[in-house]
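Just below is one structure, and these are the notes that go with it.
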DNA sequence: CAATTCTGAGACACCCACGTCTCATGTGAC
DNA sequence: GTCACATGAGACGTGGGTGTCTCAGAATTG
C-alpha cells in the first residue's frame, strides 16, 4: 500500500517541522512504526526528507490544479487557490523552511514550476488591473507563501482557529494586494 | 572588545540562516577566525546559537524602542516600526525560523515580551479604529513577523532590492491591516 | 629588543546518530 | 496446521562533528 508510505511522511512532517534535526527514532515513533521499518520504507534520512518535500510539492501542485489558477479573473483565481491550499499550509510551511530540500534537483524543479505559476497569476492580475503594480509580482508571490506558512504554524500551534485560517489569509493578503480595496 | 563577539555572531547568522546544521568549522571560516578561537569566544554550539538569538532579540527590542511603538497613532507607530526593523529583517527571520531557540528560557522570555508589545500595538490600533477588527490582533502580529522574515530572505537572496524593502512590507501589510484603505 | 598575550593549525579521544544485521514474534494465506 | 512474509526489538560497527589539548607563530605591550 502506498498509503502507508504517505501516512509515515505525514507523521514525519509533524515532527520535522518543529525540529528539523529530530532523530530517526523519534520520527519512527511518531509514525507508529519501528526504526527498522522506517529504514525499509526509506533508505536513509536524506531520502526521507526528500520524499517529504516531494509529497508537499505534489499537494501544492494539486491545489494549483484544483484552483485552476490559470483561468478566469485573477482575483477569483487567487481566492480559489487560497481555499485549496490552506489545508496543506503546514506542508508548505515545511517546504519553505527546510533549506536542505533545495539541494535536490527534482524538488527544486517542481518548486520553481509552482512558483512560476503563482508569479504568472500575479502578473496576469496586474495586467488585468486587479492587483497593484507598486508591488512586484515576485514579492507578491513570496509574500503569499510567507503568509501561507504563517497560517500553517499558527493553526498547528493553536494560535489560530482552523475555520478562520482561509479568511485570515485571504483578507489580509488581498487587502494589500488588490488595487481596488476589498470589493469582496 | 565586545564588538568582536558581535561581528562573529553576525557572520554566524549569515551561515546558520541558510543551513542551521552548518559545522562549526564553516561558521568559524565565515567569521574569519579559527575553530579554536570560536570555542574561546563561545563554549559550544549551543551557547553560540543562543547568543545569536539574544543578539537578534536585542536588536528587535531596540527597534521597538526607537520606533516608540507605545506612543501616538497606531498607524504611524507601525510605519515607524517598519522602518526601524527592516534593517534587521534577516536577524528576525532567523529568530522565527530556528525552533531550537525556543528551548532557552531567557530567549523565550524576551521573545514573548516583544510579541506582547506588538500585540498591544495592534490592539490599540483596533480600539482607535485604524486597524480592522475582522482580523485578530494575534494574527496581525504573527503575519507582520512572517512578512518581515520574508523581506529578510528576499533581500538576502537578491530577489528584492534593499531600497524597496521597507515600502514593500508597509504597503502590502498596511493594505490588509488598515480599516480605511491606504490613506498614506 | 624582550615579554606577554592571543591566535591558528593540528592531533586526539569522545560521543552519538546512522546504517546494517540478526533473530524472535506476529499476521495472513493456502 | 504450516508456510511465507512483514514487523519489532536489539546489538553492532562506523563515521563525522564536537570538545579539549598542545605547540608554534604573530601581534601587542612594556
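Protein chains in written order, with this note's numbering: chain Z, 1 to 184; chain W, 185 to 368. Glycine is no exception: its CB is placed at the ideal position from the N, C-alpha and C atoms. What you are looking at is a predicted structure, and each value in this text was computed from that prediction instead of being measured.
Which word fits residue 286 of chain W, buried or exposed, when buried means at least 16 other C-beta atoms lie within 10 angstroms of its C-beta? Residue 286 of chain W should be labelled exposed.
Kindly indicate which three-state DSSP category residue 329 of chain W falls into: helix, strand or coil? helix
To the nearest angstrom, how far is the alpha carbon of residue 308 of chain W from that of residue 161 of chain Z? One C-alpha to the other measures close to 22 Å.
Segments assigned alpha helix (DSSP H), at least 4 residues, entirely inside the segment 264–298 of chain W: 273–281
Of the residues that make up the segment 74–99 of chain Z, which ones have a beta carbon closer than 8 Å to any beta carbon in chain W? 97, 99
Run through DSSP, which three-state label would residue 178 of chain Z get? strand
Which bits of chain W does residue 111 of chain Z rub up against, with CB to CB less than 7 Å? Result: empty, since nearest Cβ-Cβ is about 14 Å, beyond 7 Å.
Considering just the uninterrupted stretch of the alpha helix (DSSP H) at residue 223 of chain W, what are its terminal residues? 219–225
Taking C-beta pairs closer than 9 Å, name the residues in chain W that residue 21 of chain Z reaches, listed in chain order. 204, 205, 284
Would residue 320 of chain W and residue 299 of chain W qualify as a contact pair, given that the criterion is a beta-carbon distance under 9 Å? no
Residue 250 of chain W to residue 265 of chain W, Cα distance in whole Å? 8 Å
With burial defined as no fewer than 16 other Cβ atoms inside 10 Å of the residue's Cβ, what is the status of residue 227 of chain W: buried or exposed? exposed
Between the CA atoms of residue 58 of chain Z and residue 87 of chain Z - distance to the nearest angstrom: 14 Å
How would you write the range of the alpha helix (DSSP H) that residue 64 of chain Z sits in, first residue to last? 45–67
Measure from the C-beta of residue 343 of chain W to each C-beta in chain Z and report whether the shortest distance is under 9 Å. yes
Chain Z contact residues for residue 322 of chain W, given Cβ-Cβ distances below 9 Å: 154, 159, 160
Just list the residues that DSSP pairs residue 131 of chain Z with in beta bridges. Z/178
Can you tell me whether residue 23 of chain Z is buried or exposed, with buried defined as 16 or more other CB within 10 angstroms of its CB? When all chains shown are included, residue 23 of chain Z counts as exposed.
I'd like to know if residue 209 of chain W contacts chain Z, where contact means its C-beta is closer than 9 Å to some C-beta of that chain. Not closer than 9 Å to any Cβ of chain Z, the Cβ of residue 209 of chain W fails to qualify, so no.
When W/355, W/311, W/188 are compared against residue 257 of chain W, the one with the closest alpha-carbon: W/311
Interface partners of residue 357 of chain W on chain Z, CB under 7 Å: 176
Would residue 164 of chain Z count as contacting chain W if we go by Cβ distances under 9 Å? yes
Spatial neighbours of residue 25 of chain Z within its chain, please: C-beta separation below 8 Å, excluding the five flanking residues on both sides. 35
Along the alpha helix (DSSP H) that carries residue 208 of chain W, what are the first and last residues, could you check? Here the alpha helix (DSSP H) through residue 208 of chain W covers 208–215.
Against residue 149 of chain Z, what residues of chain W qualify as contacts under a CB-to-CB distance less than 8 Å, listed in chain order? 330
Identify whether residue 201 of chain W lies in helix, strand or coil by the three-state DSSP scheme. coil
Under 7 Å Cβ-Cβ, which residues of chain W neighbour residue 143 of chain Z? 331, 334, 356
Quick check: is the beta carbon of residue 243 of chain W nearer than 9 Å to any beta carbon in chain Z? no
Near-chain W residues of the segment 111–136 of chain Z (beta-carbon distance less than 9 Å), N- to C-terminal order: 132, 134, 135, 136
Can you give me the Cβ contacts of residue 201 of chain W inside the same chain, cut-off strictly under 6 Å, excluding the 5 residues immediately before and after it? 278
Anything in the segment 33–54 of chain Z with a Cβ closer than 9 Å to a Cβ of chain W? List those residues in chain order, please. none
Helix, strand or coil for residue 196 of chain W, going by three-state DSSP, please let me know. helix
Exposed or buried, which one is residue 53 of chain Z when buried takes at least 16 other CB atoms within 10 Å? buried
Count the other CB atoms within 10 Å of the CB of residue 216 of chain W; is the residue buried (16 or more) or exposed (fewer)? exposed
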